[in-house]
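Working notes for the structure below.
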Amino acid sequence: MRKIILVLIGLYAGYCQSQIKFTNPILSGFYPDPSITRVGTDYYLVNSTFAYFPGIPVFHSKDLKNWKQIGNVIDRPSQMTFFGDQTSRGLFAPSINFNKGIYYMTCTNIDKKGNFVMTAKNPAGPWSDPVWLPEVRGIDPSLFFDQDKAYIVYNSDAPDNKPLYSGHRTIRTIEFDPIKLKVVGSETQLVNGGVDLSKKPVWIEGPHIFKRGQWYYLCAAEGGTSVNHSQVVLRSNKAMGPYVPYEHNPILTQRDLDPARKDPITSTGHAELVDGPDGKTYAIFLAVRPYEGNYYNTGRETFIAPVEWKNEWPIINPGHKEVQYSYTANFKEVKQSAPPQSGNFSYRTTFDKKLDQSLLFLRTNDTSWYKLDKSRGLTMKLLPETCMGLGNPAFIGKRQQHMFSSATTEMTFEARQQNEKAGMLIFQNETHFYYLCKSEKEGKQFVQLYVGNPKTKAMDLITESPVAAKKLQIKIEAQGGLYNFLYAESPGQWTVLKEHLDGKILSTQAAGGFIGALFALYATSSGAESNNQASFKWLDYAGNDAVHTK
Numbered sequence: 001m002r003k004i005i006l007v008l009i010g011l012y013a014g015y016c017q018s019q020i021k022f023t024n025p026i027l028s029g030f031y032p033d034p035s036i037t038r039v040g041t042d043y044y045l046v047n048s049t050f051a052y053f054p055g056i057p058v059f060h061s062k063d064l065k066n067w068k069q070i071g072n073v074i075d076r077p078s079q080m081t082f083f084g085d086q087t088s089r090g091l092f093a094p095s096i097n098f099n100k101g102i103y104y105m106t107c108t109n110i111d112k113k114g115n116f117v118m119t120a121k122n123p124a125g126p127w128s129d130p131v132w133l134p135e136v137r138g139i140d141p142s143l144f145f146d147q148d149k150a151y152i153v154y155n156s157d158a159p160d161n162k163p164l165y166s167g168h169r170t171i172r173t174i175e176f177d178p179i180k181l182k183v184v185g186s187e188t189q190l191v192n193g194g195v196d197l198s199k200k201p202v203w204i205e206g207p208h209i210f211k212r213g214q215w216y217y218l219c220a221a222e223g224g225t226s227v228n229h230s231q232v233v234l235r236s237n238k239a240m241g242p243y244v245p246y247e248h249n250p251i252l253t254q255r256d257l258d259p260a261r262k263d264p265i266t267s268t269g270h271a272e273l274v275d276g277p278d279g280k281t282y283a284i285f286l287a288v289r290p291y292e293g294n295y296y297n298t299g300r301e302t303f304i305a306p307v308e309w310k311n312e313w314p315i316i317n318p319g320h321k322e323v324q325y326s327y328t329a330n331f332k333e334v335k336q337s338a339p340p341q342s343g344n345f346s347y348r349t350t351f352d353k354k355l356d357q358s359l360l361f362l363r364t365n366d367t368s369w370y371k372l373d374k375s376r377g378l379t380m381k382l383l384p385e386t387c388m389g390l391g392n393p394a395f396i397g398k399r400q401q402h403m404f405s406s407a408t409t410e411m412t413f414e415a416r417q418q419n420e421k422a423g424m425l426i427f428q429n430e431t432h433f434y435y436l437c438k439s440e441k442e443g444k445q446f447v448q449l450y451v452g453n454p455k456t457k458a459m460d461l462i463t464e465s466p467v468a469a470k471k472l473q474i475k476i477e478a479q480g481g482l483y484n485f486l487y488a489e490s491p492g493q494w495t496v497l498k499e500h501l502d503g504k505i506l507s508t509q510a511a512g513g514f515i516g517a518l519f520a521l522y523a524t525s526s527g528a529e530s531n532n533q534a535s536f537k538w539l540d541y542a543g544n545d546a547v548h549t550k
């Protein structure tokens with residue numbers, strides 16, 4: 001009997017070791033429009049970055065749970081910059097593919113030259129300069145490799161550019177030469193409007209084609225990126241169609257659920273399917289986590305859910321109406337040496353040698369205005385450019401990844417004039433932000449708090465307090481829809497400058513656009529020239545959402 005018990009214990013232990021638990025979102029914070037490809041036992045994932053730089057992070061995983069950022073597709077200003085673009089413009093919906101030793105990334109630069117393709121032999125980079133595809137008229141291009149041919153599939157205009165209603169779009173495809181990086185022949189329309197034109201479906205987008213067995217599947221989003229977002233699927237026995245929609249579409253949506261439910265996950269869609277290490281299919285998609293109504297500040301995030309095949313059709317999130325905050329699977333977890341991306345976590349970013357590649361600049365990376373060293377950390381020149389303009393201010397941001405979170409830094413700075421300011425933003429876009437900073441007034445140093453003004457496109461002073469210390473710690477706390485702003489003249493001796501300020505202004509619902517909030521180190525001389533500078537020793541981030549403590 002004792003031997004039997006020991007065997008059972010051993011089997012149970014082995015089972016537990018081979019079971020993995022996913023925590024949603026798998027990439028927390030502003031990581032929208034995920035695209036994934038599998039190469040052997042490796043997975044690579046990319047996301048939209050809009051007008052932030054570097055553009056399009058590349059993540060690697062062995063188990064679909066533990067993700068490590070290994071590079072950025074656009075990491076050189078010579079490839080592309082986003083001057084003149086508002087924060088929610090720039091790069092829309094990248095797609096990553098692999099074929100015959102080459103990685104391909106297709107994407108849309110929405111206000112400039114349109115669609116393009118870039119290649120690399122290593123997904124960590126370097127990636128090539130963009131090759132523009134003017135014949136691909138639309139957005140969200142994705143490649144599909146089928147034996148000796150390749151196709152590019154994308155969202156495009158209504159037939160004959162005559163929409164029957166607002167949001168009427170099509171899905172089209174055109175053959176693609178993966179060697180010359182050019183399209184071949186003329187385009188073919190695959191989908192008109194959506195799965196049922198009579199119901200006036202809107203914004204059929206984010207298409208991906210893949211083959212499974214005898215069928216070619218076209219998977220795409222419908223309903224727009226807000227609460228009506230959904231995922232639909234069609235199939236054909238030929239790559240170029242005709243495609244027939246699944247009679248039980250959508251295969252993923254949360255739009256019919258009670259909006260007052262506890263801890264809601266909403267706006268699900270923009271999915272791509274991939275086979276996991278266990279041979280089963282999983283969906284990687286975007287969704288959001290509102291703290292109230294449709295208010296969320298963490299942006300559109302990357303989620304995972306299992307897929308069940310029924311009568312050769314994929315069903316995402318089988319057995320549940322609500323997308324779950326966790327799922328389990330029977331394969332081994334493979335951890336990575338990397339900053340955490342899911343669940344609750346905290347860590348310090350230091351500035352000794354190089355910047356963490358997840359940090360974001362506005363529109364380009366100009367290395368002339370900052371430097372790194374072990375003693376002072378990150379030293380930034382005060383630039384005339386402001387975060388309210390469309391240029392490249394002295395701004396380095398880190399995504400807000402939790403509803404309940406904080407960012408803290410230690411800054412050494414002394415303002416010489418009233419226009420000189422340095423500190424930390426909680427930033428949504430050019431007109432929706434709070435700025436906790438140090439400045440000068442009547443010969444004295446003050447800590448100040450400003451808020452962006454969408455009407456004047458300037459910023460308004462909320463409150464201020466005199467300070468004596470040249471070295472100052474500052475902290476911004478997020479508490480769902482409220483934010484607190486604190487400072488310390490002695491380490492850890494916090495004074496509340498202002499608390500419980502409205503955080504809804506930092507939401508997509510209030511500010512518009514497609515991005516999430518960033519905590520950003522920021523220094524400006526407010527339109528005037530200055531030779532002053534500010535140093536930031538480190539940046540601490542901590543996130544603690546109740547849903548992850550259950």
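Going by the working numbering, the sequence shown opens with residue 1, and the numbers climb by one from there. Where a beta carbon is used, it is the ideal one built from N, C-alpha and C, also for glycine.
Closer than 8 Å by C-beta to residue i: which residues in its own chain qualify, once you throw out the five before and the five after it? Chain order, please.
| i | result |
| --- | --- |
| residue 394 | 369, 370, 380, 381, 382, 383, 385, 522, 523 and 524 |
According to DSSP, is residue i part of a helix, a strand, or is it coil?
| i | result |
| --- | --- |
| residue 360 | strand |
| residue 368 | helix |
| residue 146 | strand |
| residue 553 | A query on residue 553 cannot be resolved here, the shown segment of the chain reaching from 1 to 550 and no further. |
| residue 420 | coil |
| residue 197 | helix |
| residue 161 | helix |
| residue 328 | strand |
| residue 204 | coil |
| residue 110 | coil |
| residue 185 | strand |
| residue 415 | coil |
| residue 179 | coil |
| residue 354 | coil |
Which residues mark the beginning and the end of the alpha helix (DSSP H) in which residue i is found?
| i | result |
| --- | --- |
| residue 41 | Segment: none, residue 41 is in no alpha helix (DSSP H) and carries neither H nor E. |
| residue 511 | 508-511 |
Leaving out five residues before and five after residue i in sequence, what residues of the same chain have Cβ atoms less than 7 Å from its Cβ?
| i | result |
| --- | --- |
| residue 149 | 175 |
| residue 469 | 489 |
| residue 75 | 54 and 125 |
Buried or exposed for residue i, please, with buried defined as at least 16 other CB atoms from any protein chain shown within 10 angstroms of its CB.
| i | result |
| --- | --- |
| residue 6 | Note that residue 6 has pLDDT 41, beneath the 50 cutoff, so the model's placement of it is unreliable and the number below is only indicative. Classification of residue 6: exposed, given that the 10 Å Cβ count is below 16. |
| residue 72 | buried |
| residue 373 | exposed |
| residue 33 | buried |
| residue 207 | buried |
| residue 171 | buried |
| residue 287 | buried |
| residue 243 | buried |
| residue 41 | exposed |
| residue 165 | exposed |
| residue 204 | buried |
Compare the C-alpha of residue i against each of the options and name the closest.
| i | options | result |
| --- | --- | --- |
| residue 321 | 261, 302, 275 and 353 | 261 |
| residue 609 | 451, 416 and 462 | The displayed coordinates of the chain run from 1 to 550. Any statement about residue 609 would go beyond what the structure contains. |
| residue 79 | 131, 203 and 210 | 131 |
| residue 125 | 204, 257 and 54 | 54 |
| residue 330 | 180, 95, 540 and 277 | 277 |
| residue 434 | 129, 506, 265 and 534 | 506 |
| residue 274 | 528, 118, 64 and 548 | 64 |
| residue 234 | 218, 203 and 114 | 218 |
| residue 112 | 427, 102 and 139 | 139 |
| residue 476 | 503, 98 and 461 | 503 |
| residue 457 | 318, 299, 388 and 350 | 388 |
| residue 142 | 136, 500, 60 and 152 | 152 |
| residue 137 | 120, 128, 144 and 161 | 161 |
| residue 498 | 461, 472 and 471 | 461 |
| residue 420 | 494, 95, 338 and 447 | 447 |
| residue 553 | 88, 62 and 61 | Past the boundaries of the shown model lies residue 553; the chain is included only from 1 to 550, so the question cannot be answered. |
The beta strand (DSSP E) spanning residue i covers which residue range?
| i | result |
| --- | --- |
| residue 541 | 533-543 |
| residue 478 | 471-479 |
| residue 215 | 215-222 |
For residue i, I'd like the list of residues in its chain whose CB is within less than 6 Å of its CB, leaving aside the five on either flank, ordered along the chain.
| i | result |
| --- | --- |
| residue 292 | 481 |
| residue 552 | For residue 552 there is no data in the structure shown, the boundaries of the chain being 1 and 550. |
| residue 16 | Because the pLDDT of residue 16 is 45, which lies under 50, any placement of that residue in the model is unreliable, and the number read from its coordinates should be weighed accordingly. Nothing meets the Cβ criterion. |
| residue 544 | 344 and 404 |
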